[in-house]
Every structure is written in structure tokens, then in C-alpha cells.
Amino acid sequence: MKKNSFWSSLYIAVIILALYLPIMVVVVLSFNGNTGRTAAMNFTGFSFYWYKGLFDPISGFGTQMLTSLEVAFWSVMISACLGTLGAVGMLRQKMRKAASERAVMKMTGIGEQLAMLPIMIPELILGIALMALFSLLKLPFGKMTLIFAHITFCTPYILITVKSRLSTLEPTLQEAARDLGASPAKAFATVTLPLAAPAILSGSLLAFAMSMDDFVISFFVNGAQTTTLPLKVYSSVKVGVTPQVNALCTVMLGAAFLVVAVGQLISALAEKRRADTTKKVQA
Numbered sequence: 186m187k188k189n190s191f192w193s194s195l196y197i198a199v200i201i202l203a204l205y206l207p208i209m210v211v212v213v214l215s216f217n218g219n220t221g222r223t224a225a226m227n228f229t230g231f232s233f234y235w236y237k238g239l240f241d242p243i244s245g246f247g248t249q250m251l252t253s254l255e256v257a258f259w260s261v262m263i264s265a266c267l268g269t270l271g272a273v274g275m276l277r278q279k280m281r282k283a284a285s286e287r288a289v290m291k292m293t294g295i296g297e298q299l300a301m302l303p304i305m306i307p308e309l310i311l312g313i314a315l316m317a318l319f320s321l322l323k324l325p326f327g328k329m330t331l332i333f334a335h336i337t338f339c340t341p342y343i344l345i346t347v348k349s350r351l352s353t354l355e356p357t358l359q360e361a362a363r364d365l366g367a368s369p370a371k372a373f374a375t376v377t378l379p380l381a382a383p384a385i386l387s388g389s390l391l392a393f394a395m396s397m398d399d400f401v402i403s404f405f406v407n408g409a410q411t412t413t414l415p416l417k418v419y420s421s422v423k424v425g426v427t428p429q430v431n432a433l434c435t436v437m438l439g440a441a442f443l444v445v446a447v448g449q450l451i452s453a454l455a456e457k458r459r460a461d462t463t464k465k466v467q468a
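Be aware that the sequence shown starts at 186, since it is given in my numbering, and climbs by one per residue.
Listed below in C-alpha cells is the structure:
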């Protein structure tokens with residue numbers, strides 16, 4: 186038993202080391218005090234030199250970071266509306282009982298598959314297809330085409346999470362609100378939307394991360410005057426990875442951990458509040 190436990194622990198340790206060692210190397214090299222041409226290879230001591238001008242509009246990534254944040258924000262906002270309404274519509278379509286129930290279910294299944302298509306096909310194909318579409322429509326390539334393109338793959342992620350959440354809810358909740366005199370819009374706003382809010386938030390965070398990280402699709406639909414952060418990083422590392430790129434990765438990694446920590450804290454507080462409410466009701 187002890188021998189098996191040792192090998193199991195060693196196996197887990199090797200996997201964790203393989204996953205996190207590259208990240209640790211990037212974090213350490215981001216504090217490299219070497220400012221010469223060999224800065225990427227020779228570590229001469231700890232320094233915050235590469236963090237000082239990280240988001241400078243000229244020598245850093247400031248302009249590209251703002252562009253990526255703007256594109257991700259509007260993409261997620263629009264995708265959240267489309268994904269939520271799409272999930273609600275699909276579930277309502279399934280709950281309808283009519284003479285042609287089998288045909289309705291079949292059409293709903295086809296609609297779900299079509300909605301998932303943008304994340305099922307390779308990004309290379311989707312990027313080329315969107316570039317051809319925008320060229321055919323004679324749309325100027327820039328932030329607008331980037332936002333349209335990111336909406337295509339952000340919406341399915343939100344739709345999946347919201348649909349999974351709504352499928353676990355009792356349909357009688359909204360029916361009860363309707364029986365009490367609420368209009369369909371008010372019942373949706375006061376019952377369905379608050380219950381779906383955690384799923385909308387988690388799906389939006391996932392979509393935001395995917396939008397910030399996208400390179401392939403953005404490469405095909407960005408304009409000459411519009412460069413996102415991944416495109417800027419790619420052009421910067423063509424001649425070698427610099428400590429400034431490592432510093433950028435470290436900052437984004439810290440931001441990701443912060444978002445996850447805040448999300449876990451909110452979930453824990455919500456769970457505690459729910460448990461306290463249950464105890465009060467039982468008392």
C-alpha cells in the first residue's frame with residue numbers, strides 16, 4: 186500500500202510540475218534585470234525594469250491591450266444577450282406540446298447543432314470564411330469586423346452554460362409568476378433572469394477569456410490600423426521572447442487568478458446566504 190501511495194504521489198507531482206513549470210519560468214524571467222540583447226537567456230538579477238513601460242502606447246502593449254479589451258467587452262455584451270435569449274428560446278420550444286411535437290423537437294435539435302457550429306469547426310476555416318464574408322459585404326476591416334467575428338464564437342459558450350442552467354430549473358416557477366399576474370417580460374426579468382445570472386456570468390467570463398486570447402480569427406479580420414494583443418505579441422516574439430513579453434504574461438496570469446478568486450468568493454458567499462435562508466425557513 187505504501188509503495189502504491191508513493192508512486193501515485195510521484196505521478197501527481199510530475200504532472201503538476203509539467204503543467205506549472207513553464208509558467209514559473211515565465212514569471213521568474215519577467216523579473217530579469219538584464220536589459221541587453223541576451224536578456225531572454227541570461228538572468229542577472231531581479232528587477233521591475235520590464236514592468237515599467239509594459240503598457241506604454243509606443244514601446245509597450247498599451248494600445249493593443251485597450252483594443253483587445255474593447256473588442257472583448259462589446260463581443261461579450263452582445264453575445265450574452267444573444268446566448269441568453271437563444272437558450273431561453275430553445276428550452277421554451279422543447280416544452281411546447283403540439284400535434285407536431287416530434288417535428289418541433291427535431292427542428293430544435295438542428296438549431297442547437299447549428300448554434301454550436303462556430304466552436305466545432307477549426308478556427309482557420311472560420312477565420313477565412315469570415316474574411317471572405319466581410320470582403321463580399323465590402324465592410325472595412327477594423328474593430329467592427331473583429332467584434333462581429335468574436336461574437337460568432339463567444340455566443341455558443343454563453344448559450345451552452347445558460348441552457349445547462351435553465352434546464353435544471355422548474356418551469357413551474359415562471360408559470361407561477363404568470364398566474365400571479367406578471368407579464369411574460371416581467372416574469373422573465375424577475376424569475377428566469379436572476380436564476381440564470383450565475384450561468385450568464387460564468388459563460389461571459391469564459392467568452393471574455395476566449396476573445397482576449399484569440400489569434401487565428403483576429404489575424405484574418407483585423408484592419409491595418411487595428412492590432413489586438415495576441416497579434417502584437419506574435420509580432421514581438423518573431424525575433425525571440427523578451428522579458429517584456431514575459432512580464433505581460435505574468436500580469437495577465439495574475440489577473441486571471443484574481444478573477445477566479447473573486448468568482449470563488451462570490452460563489453461561496455452566495456452558497457452561505459442560500460444555506461442561511463434555508464435554515465431560517467426550516468426554523
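Even for Gly, the Cβ is constructed at its ideal location relative to N, Cα and C.
CA-CA distance, Trp235 to Ser253, rounds to 21 Å. For Gly271, the closest alpha carbon among the candidates Ile306, Val347, Gly388 and Val430 is that of Val347.
In the three-state DSSP reduction, Asn217 falls in the strand class (E or B).
For the pair Phe228 and Asn217, the CB atoms are nearer than the 7 Å cut-off.
With distances taken between CA atoms, Thr330 lies nearest to Ala317 out of Ala317, Arg350 and Val418. Runs of the beta strand (DSSP E) lying entirely within the segment 236–277, each at least 3 residues long, are absent.
Taking a 10 Å sphere around the C-beta of Asp241, we find fewer than 16 other C-beta atoms and assign the residue as exposed. Of the other Cβ atoms in all chains shown, fewer than 16 fall within 10 Å of the Cβ of Gln298; this residue is therefore exposed. The beta carbon of Gly408 sits closer than 6 Å to those of Phe326 and Gly327, all from its chain and outside the five residues before and after it, given in chain order. Under a 10 Å Cβ-count criterion, Ser193 is classified as exposed, with fewer than 16 other Cβ atoms of the shown protein chains found around its own Cβ.
Assigned with DSSP and collapsed to three states, Phe191 falls in helix. Apart from the 5 residues on each side of it in sequence, Val210 has no Cβ closer than 7 Å to any other Cβ in its chain. In the structure shown, Phe231 adopts extended strand secondary structure according to DSSP, grouped into three states. In the DSSP assignment, Lys417 falls within the alpha helix (DSSP H) that extends over Leu414 to Ser421. Sorting Ala198, Phe404 and Asp398 by C-alpha distance to the C-alpha of Leu438 places Asp398 at the top. Between the alpha carbons of Cys266 and Ala432 lies a gap of roughly 35 Å. Counting only runs of 3+ residues, no beta strand (DSSP E) is found wholly inside the segment 361–395. In this structure, the straight-line span from the alpha carbon of Ala384 to that of Arg350 is close to 6 Å. Where Thr346 is concerned, the enclosing alpha helix (DSSP H) starts and stops at Lys328 to Leu351. The residues Lys328, Leu331, Ile332, His335, Ser396 and Thr413, in chain order, have a CB closer than 7 Å to that of Val256 in the same chain once the five nearest residues on each side in sequence are set aside. Annotated three-state conformation of Gln359 is helix, per DSSP. Under the three-state reduction of DSSP output, Gln410 falls in the coil class, being neither helix nor strand.
Shown here for Leu315: same chain residues with a beta carbon closer than 8 Å to its own, the five before and five after excluded, namely Thr330, Phe333, Ala334, Thr337, Ile402, Phe405 and Val406 in chain order. Beyond the five residues adjoining it in sequence on each side, Leu302 comes within less than 6 Å, by CB distance, of no other residue in the same chain. Around the Cβ of Pro341, a 10 Å sphere holds 16 or more other Cβ atoms; the residue is buried. DSSP places Val426 in the coil class of the three-state scheme, outside both helix and strand. Following the DSSP letters along the chain, one finds Phe319 inside the alpha helix (DSSP H) bounded by residues Glu308 to Leu321.
If you check the CB distance, Ala300 and Leu358 do not come in under 7 Å.
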